[in-house]
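Quick look at the structure:
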């Protein structure tokens, strides 16, 4: 994956700026000043970052925002450390595709579930909806199962191993 003109890299050594850029005020600014792609907001650096009126905070306010931002940064790093690394190659060998998907058992381990969901997306070979991915697995199609698979697909999108094709559709990344 290569960066493009939409990449925004902000390298500052003061957590105050992380706090401000992570704030509800900045998110509101971004939603108003930014753009959209289909139904998703787009962060346009010229209108969202370069024109954002950073607050003229007092020393006490800066210290409080800095402290909260450091807590947020610590939390994010802790969460990233727990993310499952799903292999890009070597998906479940039991998921054989011969024109149609044969339902596979729903794995018990989260890592295996993520791998199986990615394999199902790869096998389907094109954008598909949550119900189709769920149908790749044997057993009842319960609300809990749908929620689990949706969460896993969103995680795969976050990891760059799946693509959110919009309108509740996903594809292999």
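In the numbering used here, the protein residues as written are 104 to 276.
Backbone N, C-alpha and C fix where the C-beta goes; we use that ideal spot for every residue, glycine too.
Can you name, in chain order, every residue of its own chain whose Cβ lies under 8 Å from the Cβ of residue 202, other than the five neighbours on each side?
Numbered from its first residue, the chain shown carries residue 202 at position 99. Confidence at residue 202 is low in this model, with a pLDDT of 35, below 50, so its placement is unreliable and the value that follows should be read with caution. Taken in chain order, the list of residues that qualify is empty.
Which of the three DSSP states, helix, strand or coil, is assigned to residue 195?
On the chain shown, residue 195 is found 92 positions in, with the first residue counted as 1. Only weak support is given to the placement of residue 195: the predicted model assigns it a pLDDT of 35, under 50, and the question is left unresolved by the model.
So, residue 235 versus residue 248, is the Cβ gap smaller than 8 Å?
On the chain shown, position 132 is the one that residue 235 refers to. On the chain shown, position 145 is the one that residue 248 refers to. No, the Cβ-Cβ distance between residue 235 and residue 248 is not below 8 Å.
According to DSSP, which residues form a beta bridge with residue 161?
Residue mapping note: residue 161 aligns to position 58 of the chain shown, counting from 1. Answer by DSSP bridge pairing: none, since residue 161 is not bridged.
Pick helix, strand or coil for residue 266, following the three-state DSSP scheme.
For this step, residue 266 is matched to residue 163 along the chain shown. Correct three-state label for residue 266: strand.
Cutting at 8 Å between CB atoms, please list the residues of its own chain near residue 231, excluding the five before and the five after it.
The residue given as residue 231 occupies position 128 in the chain shown. Cβ neighbours of residue 231 beyond the five flanking positions: 224, 272, 273 and 274.
Pairing CB atoms from the region 214-224 with CB atoms from the region 254-261, are three or more of them under 8 Å?
yes
So, at 6 Å on beta carbons, what are the nonlocal neighbours of residue 165 in its own chain, with the 5 sequence-adjacent residues on each side left out?
Position 62 of the chain shown, counted from the first residue, corresponds to residue 165. Around residue 165: 119.
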